[in-house]
Every structure is written in structure tokens, then in C-alpha cells.
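Take a look at the structure set out below.
Numbering (my numbering), first residue to last: 25 to 348.
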């Protein structure tokens, strides 16, 4: 059991900034997310891509933005419950209890939902799923851990090509395997990967992973001909995309629209008193789904949660430059 003032559901950029701001408001805070790493969609989908619309940063890589937000929130020692999918919400008077599917429970005075477009679940690799954690991964938060290894990347989208481009300079070899002839990734990124000399196998699928106890090789089959090839690999990245849905949040009494978005008022309060929302998951007239907008919504939600928890507190806490 974890007891805090505020529980944030979602460890993407908006949730991480909310964790910092809650600490700034002298609130204890926990952050729960189904993914094993902070960063949400940014970490899962485009950690190496530059982002151009974050105030103060002409360009910042996704993973660098997440790392900075973690450091910023770290001043106030938030409790992270990563790899925990928020499941049930119970209320007893002015207190909430949120329990994860994995069994963690958090008691709090207010909840802030920053779940983006919902829980991210990686699409599994049909062959070799038992190697997860033993060489098979679904995203790459720290590319340096792949240095001096042979890597096979499975997929044809932006994430697959971004990781191929990022890993190529530091690994022994990288091979990209895709089941089609064409790619979903941006044409410019595909061209960069080809120009870098990365081997790309099209119309191919992974038939098996082999090795004991960790991955040592990948068997690939060329679908049109049935020809099989064994690739040396200690690391396999399954960049097959993610499914996302609000899941149990649909049962939290938040008046979810189209099973995708949560309506909020100007305080970022949902239909359930004490539960706030911020970021892409929110909906209201004129809503613009940008990280920059989510940062402001998180600050608004946290300030209003502070007043709900302690009616004597000021809604506006002053500027951070005035803090000692």
C-alpha cells in the first residue's frame, strides 16, 4: 500500500510534469503506468525522433525530453509504480484507492489521469515471445545498452527505422526484417537507413528465436519462396506497434466519450469529483492535442487538486522563481 496526496495515472511527459508540479505544491505524489519505463508514447514510439514544438527547445529528442522531465520531478522524490496498469478505483469519503492489475494499491486524496490515448500494449512477436527480457524487447529507452551486439529489428514503421538509425553507429550489426515490400515509415528515414548500409530483409517473417538462456540467433523465412536464413543476434527489437485503449478507465465513472477521451471543465476536473485529467486524453471545445498544451493542463489540474485537498491553500502558488 502506498499513501500519497495525489496519484498520477500515466507516466508520459504530461504525467511527469504533473509529478514535478505536485512536488512544487508540496504534495506527495505517486505515478502509475503500465509500461516498464517512463515516457509513455514518446518512449514507446519515437524516443530518437526530434520534437520541435516544446517551448524553449528548438529541437529535443524524445528520450532527452523524458530524461529531463524525470530529473525535474526527481527533486521531489515521486513514487514510481511502473509496469502497473491501473485497474480499479474505489472511493471512501474524500479518499480514493486505486489498485493495479499487478496488485499494487495506492490511497490518495485526488487522482490525475494523464493516460494519453490509453494503456499501451506492445503487439507481440508471434515467434519467440518466451525470450522477452532475455534479449527480446519492444522499445529501446537506452540505446547505449545495445553497444557491440548484433541486433535484429522486426517491423516497418517509424519506430523500427528510428531505432535502426540510432543503433547502427554503436552495434556490431543491425538487420531490419519486415513482412512487406513497402514501409509505413517516413520515406526520408527509410532513405537514411538504406544509405547507412543497414541490411533490410523484405517479405520476410521471423520463424523462431534460438539460444539458451538468452537469444543467440533469429531464423527468418522469405515468405514468397520459403527460403530460410539464420541471423546471429543477441538482441531482438519487436517494433510491431502498440494497441491502446482506456480499458478499466471506462468503468471509473468519468463520462468517457467514444471510449477514447475524458471530458473536463476549466479546472481539468472530470465528471467525478476528485479525479482530474490532463493531456491528450482530455476533451473540451477547442482542444488541441500537443505536449505543450498538456503541460499547462497538468499545472491547472494540480493547482485545483491542491485546493480540493486543502481548501485553505491558494489556487495560484506564485511563480517558481519566487520559491526558496
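C-beta atoms are modelled at their ideal positions from N, C-alpha and C, and glycine is treated no differently.
Counterpart residues of residue i in DSSP-defined beta bridges
i	result
residue 281	285
residue 246	228
residue 74	85
residue 306	286
residue 175	198 and 259
residue 135	31 and 299
residue 54	31 and 103
residue 254	243
residue 293	300
residue 120	115 and 132
residue 233	242
residue 223	199
residue 26	130
Pair within 8 angstroms by beta-carbon distance, residue i and residue j
i	j	result
residue 332	residue 134	yes
residue 141	residue 268	yes
residue 262	residue 77	no
residue 159	residue 239	yes
residue 342	residue 318	no
residue 147	residue 264	yes
residue 137	residue 34	yes
residue 207	residue 198	no
residue 209	residue 184	yes
residue 329	residue 38	no
residue 300	residue 325	yes
residue 259	residue 170	yes
residue 276	residue 105	no
residue 217	residue 176	no
residue 250	residue 241	no
residue 93	residue 75	no
residue 47	residue 99	yes
residue 220	residue 189	yes
residue 270	residue 284	yes
residue 193	residue 87	no
residue 111	residue 121	no
residue 174	residue 203	no
residue 266	residue 79	no
CA-to-CA distance, residue j to residue i, given in whole angstroms
i	j	result
residue 252	residue 91	41 angstroms
residue 58	residue 103	14 angstroms
residue 139	residue 205	34 angstroms
residue 281	residue 287	7 angstroms
residue 41	residue 320	9 angstroms
residue 43	residue 101	9 angstroms
residue 257	residue 72	22 angstroms
residue 181	residue 82	25 angstroms
residue 52	residue 27	9 angstroms
residue 132	residue 61	23 angstroms
residue 84	residue 167	16 angstroms
residue 116	residue 66	35 angstroms
residue 226	residue 247	9 angstroms
residue 70	residue 313	17 angstroms
residue 224	residue 109	35 angstroms
residue 334	residue 346	22 angstroms
Closer than 7 angstroms: residue i CB and nearest the ligand ATP heavy atom
i	result
residue 221	With respect to small molecules bound, the structure shown includes none, and the ligand ATP cannot be examined in it.
Residue closest to residue i, alpha-carbon to alpha-carbon, out of the options
i	options	result
residue 293	283, 305 and 284	305
residue 63	79, 247, 95 and 82	95
residue 157	237, 84 and 121	237
residue 229	211, 255 and 212	255
residue 107	116, 49, 127 and 290	127
residue 130	32, 290 and 335	32
residue 25	145, 109, 79 and 123	123
residue 278	290, 327 and 297	297
residue 310	327, 36 and 289	289
residue 339	291, 155, 212 and 211	291
Tell me the start and end of each unbroken beta strand (DSSP E) in the segment 86–116 that is at least 3 residues and wholly inside, in chain order.
Inside the segment 86–116, DSSP marks whole beta strand (DSSP E) runs of 3 or more residues at positions 103–106 and 110–116, from first to last along the chain.
Contiguous alpha helix (DSSP H) assignments of at least 4 residues, all confined to the segment 137–165:
none
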